[in-house]
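To keep things clear, I will list the structure first and then write my remarks on it.
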Amino acid sequence: MKRKEIVRGLVRYLKPHLCLFILACLCALVVVAGQLLAPFFAGKAIDCILSSAEGGILWEELKLHLIAVGTSALLATVFQWILALLSNRIAYGVLSALRKDAFRKVEKLPLKYIDNRPYGDVASVIVSDAEAVCDGLLLGFTQLFTGILTIVGVLGVMLAVRWEIALVVFCITPVSFFVARFIAKRTYKTYRAQAEARADETAFADEMIGNLKVVKAFCREEKNAEIFDEKNEVLRKTSLHAVFFSSTTNPSTRFINALVYAAVVLAGGFLVISTAGMGAPFTVGSLTTFLQYANQYTKPFNEISEVVAEFQNALACAGRILALIAEEEEPSDEGNEALGRAQGAVKADNVAFSYTPEKELIKHFDLDVEPGMRVAIVGPTGCGKTTLIGLLMRFYDVDEGAIYVDGHDIRKLTRASLRENIGMVLQETWLKEATVRENLTMGRPDCTEEEMIEAAKAAKAHSFIMRLERGYDTVLGQEGVLSEGQKQLLCIARVMLCRPPMLILDEATSNIDTRTEKLVQDAFAALMKGRTSFIVAHRLSTVQNADLILVMKDGKVIERGTHRELLSRGGFYETLYRSQFSRP
Amino acid sequence: MGHLFSCLKKYRAEAILSPLFKLLEAGMELLVPLVVAKVIDVGIANGDRDFILHAFLLLAAFAALGLLFALAAQYFAAKAAVGTGAELRRRLFGKMQCFSYAQIDDMGTASMLTRMTSDVNQVQTGVNMMLRLLLRSPIVVFGATALAFVIDVKAACVFVALIPVLAFVIYAVMAACVPKYRAVQEDLDGVYLAARENLTGARVIRAFRLEGKETASFSKRNDRLRGAQERVGRIASLTAPLTFLLVNIAVIVLIYVGALRVGHGALEQGDVVALYGYLALILVELVKLTNLIVTLAKTVSCAKRIGAVLDSDGEEEKKEDLPAAEADENAPAFAFENVTFTYAGDGAPALQDITFAAQRGETVGILGGTGSGKSTLVRLLPRFYEASEGRVLVGGRDVRAIPAGELRKMFGYVPQKAVLFRGTLAENLRWGSEDATDEELLEAARTAQAADILEKKGGLGAEIEQEGRNLSGGQRQRLTIARALVGKPPILILDDASSALDYATDARLRKALRELRCTTVLVSQRVASVMHADRILVLDEGRIADMGTHDELMVRSQLYREIYASQTEVHA
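Protein chains in written order, with this note's numbering: chain A, 6 to 589; chain B, 75 to 646.
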């Protein structure tokens, strides 16, 4: 993403806070005015002291000026706090909106996108990058705006009081900007390098910590620590560059400002001498005010340069999060009709699909399934069985041809209504980090306690759930206290509870021991009665009762028929079947 | 915090040099008001232009020196901070690798990763700022006060009164913020978890049409986080305005007192200006300090969260080693003698009274239902766990008498979860043995029936994605088998490792493994996978229900027949 686009994207997020934004700007005006007036009056007060030779200290005037100092300071204080509150509100509001949009996008991204990226990477965009954008904005907005106002204000007052000195200041300060800009450009690159190194390290840690069991089985801890150290060293080096370069801005601008200060001493000193005794003398008090300004003048430049450094980082992060938000979504459901309760007729017409254009996976796939039919899909690993299921669920859209449910092209149906009609159990068990109850009632949050327990019993999950510490209210962790088999039983119970008109069982019982499986199969058989079901299995014993068996190889159906037909035909299926019980 | 400092220790020189240079830089700044006072009292009073010019050159020299000192300080601070961050990450990763499964479950991968990323970042920034400013600010404040005393003792009392008040304000704000920042971090963890969960579970969430609900629950978490952040912000942002107000009150008092002193003839004009200059210097410094305080408050809570991980005990349970013993060529490949095993925290033993021996070259099948203790049994062999009672022998030696490195090299282990890692295929396979040649890798792949995957994916150099996601379950499983074979281990353990393979491939695999003639342990729920084994152990609820060949068990074991029937019923 180009920087301009990023900025434009951020502005879009700022828009809802326009009112607050304007208010904050007004507050900043008051703050800056107060902060500039306090030293101005202090200078006036000092002039009242200095004139002792010409008739002692002007107490009345001195007191008035001191009151003015107090008032200005108080105003600046109150409004500075309000300004902070406002900019907090804006920055966190933007942060929250960015996160929500990014999350909403995650729910709509094509699965291809999610499958192709480390989970940790995407999650860290939503969490850490968004945070960095906020820090950049929060720090950025308040300081940038007050900084610029201060610079303008100081120059204005200086011009009004004494243009000669203002000119001196005016000539030197632009150098400060050039220095800051030069450094900022260099830091942007180093920040990018740092972000990449960090992402690489995080992805590695995510993977290894997430699969610690395997790591331990291979005693890879030491080797992993070595690899981590390498990545860590790269990150350390890039970080050192990023951190050091960004922190050179501050001393550099401070140096320029020290020069400004010195120049004001020189010019101011000369001016006091040359204007002494004239009608409008440049007093020592004025010089004090000017020096004070020169000092205050330092601050905004430092701050702006800090902001610029922070902004580089925020921009790089904003680029990533905005890119995620702008990522292409799955084709919209808009205008599609809802399916309603389906009969369960499924038809595939000359379907073709591939994950990457170079390598076709499914081609010329035809299928005609009547309502209530039990279809089994078998075939060697990697033949496209699971992909087919993904197409039916519309996790992916077909490249060519079409899939129809009850005569409707599924691309013309809303995904929600389609998926509502299909219950799915996958080989890979995924459970939420929530209670057993929440996991079971995922598809039907409104079901009764009895219905839930009934489903759990049918899936043979009830007894082990009851043995858990807190029964149905046990919170499951990411890895969890459950075995893979038990998790799968929960996934089955989850679907049993929904009783959808169509079922997909993709190696649904692969992690369950066969005796339990046998019992679950009975429950499945009851559930499948009158429902169209698709069973993917390599355990051929589980598919023998199917009305139609599709034997797939390399994305094509090479044989189809019932168990008996296929056996008698003596093809690939028969070989597959015989190999199950052959002695090597 | 202790960990933070011990990490910083490695960069002791930098951590000392950085504040030292800052000190020098601050010294340059502190001299400025003195020069200005002289300009007013001597240069201006006497109309001496040369004096002023010299003062200007002096100030410019201070500025240049200040720049050099500051750059040096920044460099050392950055080096120390970044190094500390890297060291913290290294320790965190090392610690996490020794976590037990229970600890991982408890803390969650998500939370561990936030600690390693954003927490460490925050600490790094904190250390950097601390080195640069934490010493500098007090030095400037106290230095300015000290110099004020040099100018005039009475007027300097204003400084003395101001400092404790400011210190109190800063302390109060910090004390109020630290616990609140911790709450923010916890909410942040929740947000990360939700994001991650929705990525890993995208399929199921979509299948159950939970997108809306998940979005709503994320919104809720996000709003809570936002609320917590705003609450902290409200307090944290009090410091700067309050400091400004207090310093200006001090200015008013100072000018008033200064006026009195000048009236008494105890002070000169320039001195009041210089004193005022010092107050201004303090203000500028304190504004920086308050920004630093906010950063430090965050840093402290992040450092505590990191500390919580580093302080927890890793898994390294007390493992008692026996004196090393000699290998016995004629002993069985491995043997269990009256082994009982109970998981920590569990009441009932997972394995009870297991006794059997496997001869060299033998294929042992272990059959049993979910939770019957099959996997636990094989995990005792490489000593992932320690038998609670009885002895586990490998090659005639008690596993406790074999050095850990040597013991684990004797096993090729294929875990239940078929997972590969980001990197090339070759890198993945070399997990089995670091120094295997390409030819050995290919041979292992052929035995594991994975040669065609190599062909399809483009050879040993093919890139594997995180957790092997660009491979199917079956492909992953075959590659994990190949990985275990690479070291040519004398004993091969397949822990339910062929569940994702179709029968034809499974059969070919079994045949190829048999030709290797290594001792093989097959753990499975499928009779077909183990029925050809030389010996089959039937486990039931942690005990050996029966043991024998397929034919023997068919005759003798009711349980075995039941399992067999459940898997072949339709056919039979």
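For every residue, glycine included, the Cβ atom is placed at its ideal position computed from N, Cα and C.
Asked	Found
Taking all protein chains shown into account, do 16 or more other C-beta atoms lie within 10 angstroms of the C-beta of Asp-124(B), making it buried, or fewer, making it exposed?	exposed
Looking only at its chain, what residues have a beta carbon closer than 7 Å to the beta carbon of Gly-351(B), apart from the 5 residues adjacent to it on each side?	Pro-107 and Val-110
Using a Cβ-Cβ cut-off of less than 8 Å, list which residues of the region 258 to 289 of chain A approach chain E; keep chain order.	Checking the listed chains, one finds no chain E in this structure; the protein chains it contains are A and B.
The alpha helix (DSSP H) that contains Leu-553(A), what's its start and end?	Run containing Leu-553(A): none in the alpha helix (DSSP H); it sits in the beta strand (DSSP E), 553 to 558.
Would Ser-468(A) count as contacting chain B if we go by Cβ distances under 7 Å?	no
Exposed or buried, which one is Lys-534(A) when buried takes at least 16 other CB atoms within 10 Å?	exposed
Does DSSP put Leu-613(B) in a helix, a strand or coil?	strand
Could you tell me whether any Cβ in chain A is nearer than 7 Å to the Cβ of Val-604(B)?	no
Could you please give me the residues that DSSP links to Val-480(A) through a beta bridge?	Thr-440(A)
Smallest Cα separation from Thr-195(A): which of Leu-240(A), Lys-228(A), Gly-158(A) and Phe-209(A)?	Leu-240(A)
Which word fits Gly-447(B), buried or exposed, when buried means at least 16 other C-beta atoms lie within 10 angstroms of its C-beta?	buried
Could you round the C-beta distance between Phe-358(A) and Val-403(A) to whole angstroms and report it? I think they count as a contact, below 8 Å.	5 Å
Which whole-angstrom value is the C-beta distance of Gly-377(A) and Thr-537(A), which I expect to be below 8 Å?	6 Å
Whole angstroms are fine: how far does the CA of Ala-421(A) sit from the CA of Val-460(A)?	Val is not the amino acid found at residue 460(A); the sequence shown has Ala there. If I take the Cα positions, the gap works out to 23 Å.
DSSP three-state label for Arg-300(B), please.	helix
Helix, strand or coil for Phe-603(A) per DSSP?	The displayed coordinates of chain A run from 6 to 589. Any statement about residue 603(A) would go beyond what the structure contains.
Hey, is the region 472 to 488 of chain B in contact with the region 550 to 567 of chain B, meaning 3+ C-beta pairs nearer than 8 Å?	yes
So Val-277(A) packs on Leu-292(A), CB below 8 Å; how close in whole Å?	6 Å
First and last residue of the beta strand (DSSP E) that includes Phe-415(B)?	408 to 415
Checking contacts by CB at 7 Å: is Gln-1(A) closer than that to chain B?	Within the shown structure, residues of chain A are numbered from 6 to 589, placing residue 1(A) beyond reach of any answer.
Could you name the residues of the same chain whose beta carbon sits closer than 7 Å to that of Cys-251(B), not counting the 5 residues immediately before and after it, in chain order?	Val-306, Ile-309, Ala-310 and Ala-371
Taking C-beta to C-beta, are Asn-229(A) and Ala-347(A) nearer than 7 Å?	no
So, is Asp-263(B) buried or exposed, given that buried needs 16 or more other C-beta atoms within 10 angstroms?	buried
Bridge partners of His-413(A), per DSSP?	Val-410(A)
Please go through the same chain and pick out, in chain order, the residues whose beta-carbon is closer than 6 Å to the beta-carbon of Val-346(B), but skip the five residues on each side of it.	Gly-332
So, helix, strand or coil for Asp-512(B), using DSSP?	helix
Are the beta-carbon atoms belonging to Gly-337(B) and Ile-62(A) less than 7 Å from one another?	yes
At what residues does the beta strand (DSSP E) containing Ser-598(B) begin and finish?	593 to 598
Just reading off the beta strand (DSSP E) that Tyr-487(B) is part of, what are its end residues?	485 to 488
Could you tell me whether any Cβ in chain B is nearer than 7 Å to the Cβ of Ser-101(A)?	yes
Just to confirm, are Arg-256(B) and Ser-375(B) a CB contact at a threshold of 7 Å?	yes
Listing by chain order, which chain B residues have their CB less than 8 Å from the CB of Leu-431(A)?	Arg-277 and Val-278
Going by DSSP, name the residue or residues bridged to Lys-352(A).	Asp-373(A) and Tyr-409(A)
Apart from the five residues just before and just after Gln-540(B), which ones in its own chain have a Cβ nearer than 8 Å to its Cβ?	Phe-495 and Arg-496
Do you know whose CA, among Leu-80(A), Val-248(A) and Leu-481(A), lies nearest Gln-148(B)'s CA?	Val-248(A)
Say whether chain B places a C-beta atom closer than 7 Å to the C-beta of Gly-448(A).	yes
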